[in-house]
Amino acid sequence: MTTDTTTPAPAAAETAMTDASGAPSPAGPAALSDRLAEVWIELEERLDRVPILRALDEGTVTIDDYRRLLFNLRQQVVDGSPWISRAASNFDIDHFTLRAAAIKHAEEEHRDYLMLERDYVAIGGSLDELRAGRKNLGSEALSGYMFTYADRPNPVGLLGAMFIIEGLGAKRAAGWAARFQEVLGLADNQVHFMQYHQEADGAHTGDLEAILDSGIIDDAAADEIVRCAEVVARLYALQLEELDR
Amino acid sequence: MDGCHAHDTPVPYCHPMGTTASAYLTGFGRYLPGDPVDNDGIVARLGGDDPVTARIRGMILEQNGIRQRHYALDDDGEPTELNEELAVKALRAALDDRGIRPDDLRMLATATTIGDVLVPGFASMVHGRLGGGPMQLLSASGVCASSLQALDAAVSKVKLGEHPRVAVVGSELASRSLRQRRFDGIRAGMDSHFLRWMLSDGAGAVVVEFQPHPSRPSLRVDWVRHVSLAHEHDVCMRAGMDGLEPEVGRTWQDVGIGDAEASGMFVLRQDVSVLDDLAGAGLREFEQLVDIGLVDVSHLDHVVCHYSTNAFRDLAFDGLRKRIPTLDTDRWFSNLETCGNTGAASIFIALEEAWRTGRFAPGETILLAVPESGRFSFAFAHLTVVAPPDQQGAST
Numbered sequence: 001m002t003t004d005t006t007t008p009a010p011a012a013a014e015t016a017m018t019d020a021s022g023a024p025s026p027a028g029p030a031a032l033s034d035r036l037a038e039v040w041i042e043l044e045e046r047l048d049r050v051p052i053l054r055a056l057d058e059g060t061v062t063i064d065d066y067r068r069l070l071f072n073l074r075q076q077v078v079d080g081s082p083w084i085s086r087a088a089s090n091f092d093i094d095h096f097t098l099r100a101a102a103i104k105h106a107e108e109e110h111r112d113y114l115m116l117e118r119d120y121v122a123i124g125g126s127l128d129e130l131r132a133g134r135k136n137l138g139s140e141a142l143s144g145y146m147f148t149y150a151d152r153p154n155p156v157g158l159l160g161a162m163f164i165i166e167g168l169g170a171k172r173a174a175g176w177a178a179r180f181q182e183v184l185g186l187a188d189n190q191v192h193f194m195q196y197h198q199e200a201d202g203a204h205t206g207d208l209e210a211i212l213d214s215g216i217i218d219d220a221a222a223d224e225i226v227r228c229a230e231v232v233a234r235l236y237a238l239q240l241e242e243l244d245r
Numbered sequence: 246m247d248g249c250h251a252h253d254t255p256v257p258y259c260h261p262m263g264t265t266a267s268a269y270l271t272g273f274g275r276y277l278p279g280d281p282v283d284n285d286g287i288v289a290r291l292g293g294d295d296p297v298t299a300r301i302r303g304m305i306l307e308q309n310g311i312r313q314r315h316y317a318l319d320d321d322g323e324p325t326e327l328n329e330e331l332a333v334k335a336l337r338a339a340l341d342d343r344g345i346r347p348d349d350l351r352m353l354a355t356a357t358t359i360g361d362v363l364v365p366g367f368a369s370m371v372h373g374r375l376g377g378g379p380m381q382l383l384s385a386s387g388v389c390a391s392s393l394q395a396l397d398a399a400v401s402k403v404k405l406g407e408h409p410r411v412a413v414v415g416s417e418l419a420s421r422s423l424r425q426r427r428f429d430g431i432r433a434g435m436d437s438h439f440l441r442w443m444l445s446d447g448a449g450a451v452v453v454e455f456q457p458h459p460s461r462p463s464l465r466v467d468w469v470r471h472v473s474l475a476h477e478h479d480v481c482m483r484a485g486m487d488g489l490e491p492e493v494g495r496t497w498q499d500v501g502i503g504d505a506e507a508s509g510m511f512v513l514r515q516d517v518s519v520l521d522d523l524a525g526a527g528l529r530e531f532e533q534l535v536d537i538g539l540v541d542v543s544h545l546d547h548v549v550c551h552y553s554t555n556a557f558r559d560l561a562f563d564g565l566r567k568r569i570p571t572l573d574t575d576r577w578f579s580n581l582e583t584c585g586n587t588g589a590a591s592i593f594i595a596l597e598e599a600w601r602t603g604r605f606a607p608g609e610t611i612l613l614a615v616p617e618s619g620r621f622s623f624a625f626a627h628l629t630v631v632a633p634p635d636q637q638g639a640s641t
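For the protein sequence lines, the chains are E and V, in the order given.
Positions 1 to 245 (this note's numbering) are the ones given, in order, by the first sequence.
Positions 246 to 641 (this note's numbering) are the ones given, in order, by the second sequence.
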């Protein structure tokens, strides 16, 4: 299937964005939430073309595909809490709200990979092999980007990364879990990681929306958030495209 | 937006609570020790060549219909293997059949009536000999129906998604209890002759997995049921006690070992007078499965039934046919006559042969039935033949 996702007409956007004075367009900058929604829509279009997700959708996915997916995700998931922690340490006291949110979030996530490992073992995978695995090309890029970004002073743009990663957990992971269960006949005990993220990341996206709506995000920060979301969306999809490579 | 709607096929999820996996039998193996022993070859192994015993043996063999069996005994009646060795050989055959190794197993469930040693449990000994990695164990101990009790545990863990691969083995080495030295100086009534000329050795194993075999048909385990009626029946098949009533001071552990042997406590005995009741009770349990819809008689294609003697074959067959009018001998399988009565191993040895010889086709259903005389218990399992994943939708 193809999701009909209407993107703004480029011509209209170009003419609206600038005028002779270089001042903001008459319509004003698009709201941050609208800009992030556009990034999300583009990500969903891309996900529809990712081979393993297509196979999942079409019902041709195999148990080995699921095993590979967990294997590949795990190598990057173990880095999740560390980059959030690193970001937390780089927020100064003027960004206390973001620091507090990052600390809380890192604490909540730092054991998630264990759930993934249990699922992997429950479908017959070897824990030793899983733990000896390396990141795929996309995971390398994603993880490298996240750590580098988190090293900046006050890495506010990472809210865009959260928007993408938590959004995938909240909006897509449980659907993937259910579809894997349906196609492959898996027990709940074998899809914990993806099931869990619907609730946990749903809560996190709620926290994120509260921050985005709190008025502490200025225009420059908004640009950074959108840019970070764009990069993370692309790299996350790349991680799913480059399984085992 | 909700991920639920991102698929063409509506996904019935959002809160998939309590979803279980399926369990499939994907590998089958058996091991029958030594060459087959025909009826004339029994005496050399088990003894009992006096005229009275010979006459009783002839009568019992005629009744039970067993033409050949296997003993882990040499020509002089001395043991050649341990029970745990039989189990491991059957397990290796099942693993080879599936193309996996002991390292691939996460659980082992064993069933036997009497292991080789008193302590530790049989499964521990079998695991030790089989090798592989760390795994969960279950030693189901009982008599014939312990086979499906072990299977039930394995299937349950697989369905819960706790173990991807489990092996189950039923194994018996009864012959050690049937040899002449057990009977020297003992008054051996029909209660011991009946079993002495009926039981023999062997092991059967299956591999249980959460996914069907990738390239061959598998047997999906739809359910396993076990029920005991010990609350309303005395002991029927026994060893290690004196009489039918367990009493402190009168078990093999209370008296001296010499006294226990002298009084015949180590002889396997069966109260043959209640066996008709056993058959009747088993049929009532089967009827109940039909009545509650677990067995759909219009869609039951095969019955693999364990019974101790052909005398019960006709009883069971006629009883089942009351509810399954279309049941004919083609759809009824037992290899009692050629493999003997191997107790807890029997149902797996029969299933392996039925499977290997191509009796089952994708889409068909199979009922396994195992009555146990010990103290009246019954086990059943319902299986469905499924095509390999790449052929599903094409055939059935």
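Don't be surprised by glycine CBs; every beta carbon is placed ideally from N, CA and C.
Keep in mind the model is a prediction, meaning the values are calculated, not measured.
Nearest CB-CB separation between Pro347(V) and chain E: not below the 7 Å threshold. If you check each beta-carbon in the segment 388–422 of chain V against every beta-carbon of chain E, the ones closer than 9 Å belong to Val403, Lys404, Leu405, Gly406, Glu407, His408, Pro409, Arg410. The Cβ atoms of Asp79(E) and His192(E) do not sit closer than 7 Å to each other.
With a cutoff of 7 Å on beta-carbon distance, His110(E) and Glu166(E) are scored as not near each other. For Ala266(V), the chain E residues whose C-beta falls within less than 7 Å of its own C-beta are Gly185, Leu186, Ala187, Gln190, listed in chain order. If you check each beta-carbon in the segment 107–139 of chain E against every beta-carbon of chain V, the ones closer than 7 Å belong to Ala122, Ile123, Gly124.
Rounded to whole angstroms, the separation of the alpha carbons of Asp280(V) and Val512(V) is 25 Å. What Ile63(E) touches in chain V, judged by beta-carbon distance under 7 Å, is Gln456, going in chain order. Distance from the CA atom of Thr496(V) to the CA atom of Val371(V), rounded to whole angstroms, is 27 Å. Contact annotation: Phe578(V) and Ala561(V) have beta-carbon atoms that are not nearer than 7 Å.
At least one CB atom of chain V sits nearer than 7 Å to the CB of Gln181(E). The alpha carbon of Phe593(V) has as its nearest neighbour, out of Asp536(V), Ser618(V), Asp348(V), Ala390(V), the alpha carbon of Ala390(V). Note that the C-beta distance between Gln76(E) and Ser139(E) is below 7 Å. Beta-bridge partners assigned by DSSP to Gly274(V): Ala450(V). Taking the CA atoms as reference points, Thr60(E) sits about 15 Å from Arg49(E).
Shown here for Val413(V): same chain residues with a beta carbon closer than 7 Å to its own, the five before and five after excluded, namely Ala354, Ala395, Leu396, Ala399, Ala450, Val451, Val453 in chain order. Judged by DSSP in its simplified three-state form, Tyr269(V) adopts strand. Rounded to the nearest whole angstrom, the C-alpha separation of Val39(E) and Leu32(E) is 11 Å.
His476(V) counts as exposed, since fewer than 16 other C-beta atoms from the protein chains shown sit within 10 angstroms of its C-beta. Between the segment 609–617 of chain V and the segment 378–390 of chain V, the count of C-beta pairs closer than 8 Å reaches three or more; the two stretches touch.
For a cut-off of 8 Å, the C-beta gap from Pro278(V) to Asp446(V) is around 5 Å, short enough to register as a contact. Counting only runs that start and end inside the segment 325–366 of chain V, the beta strand (DSSP E) elements of at least 3 residues fall at 352–357. The shortest C-alpha to C-alpha distance from Phe91(E) to any of Pro153(E), Ser143(E), Glu129(E), Asp65(E) is the one to Pro153(E). Residue burial annotation: Val297(V) is exposed, with fewer than 16 other C-beta atoms found within 10 angstroms of its C-beta. C-alpha of Val519(V) to C-alpha of Arg465(V): approximately 35 Å in a straight line. Contact annotation for Gly293(V) against chain E: no contact, minimum CB-CB distance about 50 Å [criterion: below 9 Å]. Cβ-Cβ distances below 6 Å link Arg470(V) to Phe625 in the same chain, with the five nearest sequence neighbours on each side left out; the list follows chain order. The beta carbon of Asp479(V) sits closer than 6 Å to the beta carbons of Leu489 from its chain, once the five residues preceding and following it are set aside; these are given in chain order. Judged by DSSP secondary structure, Gly415(V) falls outside any alpha helix (DSSP H) and instead within the beta strand (DSSP E) spanning 410–417. About 27 Å separates the Cβ atoms of Ala505(V) and Gly415(V), ruling out a contact at the 8 Å cut-off. Judged by DSSP in its simplified three-state form, Pro459(V) adopts coil rather than helix or strand. Apart from the 5 residues on each side of it in sequence, Arg74(E) sits with its Cβ closer than 8 Å to the Cβ of Tyr113, Leu116, Glu117, Tyr120, Leu130, Gly133 in its chain, given in chain order. Counting along the chain, the unbroken beta strand (DSSP E) around His627(V) starts and ends at 622–631.
Counting only Cβ-Cβ distances below 8 Å, Gly263(V) has contacts in chain E at Asp188, in chain order. For Met194(E), the CB contacts under 6 Å within the same chain, skipping 5 residues up- and downstream, are Ala173, Trp176, Ala177 in chain order.
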